[in-house]
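Residue numbers (UniProt numbering): 1 to 259. What follows is a set of notes on a single structure, which appears directly below.
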């Protein structure tokens, strides 16, 4: 089993904001000469959205889905000083330090359920993925899927794991299914849910889950308002993912009933 390694790069050029998202991600260039979509720690949901992006992306990759390479991106304070737009200037100022980048897929197009093709197994895996990580943001309005080189790529998992916005009640989510799956953009194409669930259980072992959670930078686990420690937070993510995997048959049935 290959060990997951997330590269660290430095942002060397801010190119332009992507104004489709409320959190104003941006296309930037790094010191490795590649372009990335940079997700900012200073945006609306802050570091918790970066954690959800990291966990959701690497879980998707572990179960065999296409995900752009994720990298840790260091942003220094020089960019905010030269940015004329006040909103972006503030975002850059509050995002100095470690952020998250996704490799920019040049010329990729947004997945359109009416015009794009997707095979049943891929659709089924993505539906189950979003049930497992409680992703409320993969709907027809906002598919968060790209078509690149004739393949489907999973992006934007920052709305997942929403239980982590309120730690005092997080354990209440351990036994819940995910009724919002009824709104999933790929539900109608997900004809292989049972087969997909077997493959996911095989690939997403407890060891793999632990390895993915260990990737979270310590700094991202520290928030002024959190009531539990970083060690307890890592343990909570592990407990949550394992609890969802244990009830995967129920999640599959819920999705099948919704279809």
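Where a beta carbon is used, it is the ideal one built from N, C-alpha and C, also for glycine.
Per DSSP, the bridge partner or partners of residue i
| i | result |
| --- | --- |
| residue 26 | 17, 38 |
| residue 110 | 146 |
| residue 8 | 72 |
| residue 184 | 139 |
| residue 66 | 153 |
Boundaries (first-last residue) of the alpha helix (DSSP H) holding residue i
| i | result |
| --- | --- |
| residue 151 | Per DSSP, residue 151 belongs to no alpha helix (DSSP H); it is in the beta strand (DSSP E), 151 to 154. |
| residue 251 | 248 to 258 |
| residue 163 | No alpha helix (DSSP H) contains residue 163, which DSSP labels as neither H nor E. |
| residue 192 | Neither: residue 192 is in no alpha helix (DSSP H) and is coded neither H nor E. |
Cα-Cα separation between residue i and residue j, rounded to whole angstroms
| i | j | result |
| --- | --- | --- |
| residue 4 | residue 68 | 14 Å |
| residue 177 | residue 131 | 8 Å |
| residue 140 | residue 148 | 19 Å |
| residue 161 | residue 14 | 29 Å |
| residue 219 | residue 66 | 28 Å |
| residue 30 | residue 73 | 8 Å |
| residue 207 | residue 167 | 24 Å |
| residue 184 | residue 127 | 7 Å |
| residue 231 | residue 117 | 42 Å |
| residue 135 | residue 82 | 36 Å |
| residue 217 | residue 236 | 16 Å |
| residue 181 | residue 124 | 12 Å |
Beta strand (DSSP E) segment containing residue i, residue limits
| i | result |
| --- | --- |
| residue 73 | 70 to 75 |
| residue 275 | Outside the shown range of the chain (1 to 259) lies residue 275, about which nothing can therefore be said. |
Classification of residue i by the beta-carbon crowding that lies within 10 angstroms, buried from 16 upward
| i | result |
| --- | --- |
| residue 25 | buried |
| residue 249 | exposed |
| residue 115 | exposed |
| residue 138 | buried |
| residue 12 | exposed |
| residue 179 | exposed |
Any 3 or more C-beta pairs closer than 8 Å across the stretch 173 to 184 and the stretch 82 to 92: no
Does the structure place the stretch 71 to 78 close enough to the stretch 233 to 251 that three or more beta carbon pairs sit under 8 Å? no
Would you check if there are 3 or more beta carbon pairs closer than 8 Å linking the stretch 99 to 111 to the stretch 149 to 157? yes
Three-pair Cβ contact test at 8 Å for the stretch 90 to 102 versus the stretch 40 to 47: yes
The stretch 211 to 226 in contact with the stretch 188 to 197 per 3-pair CB rule at 8 Å: no
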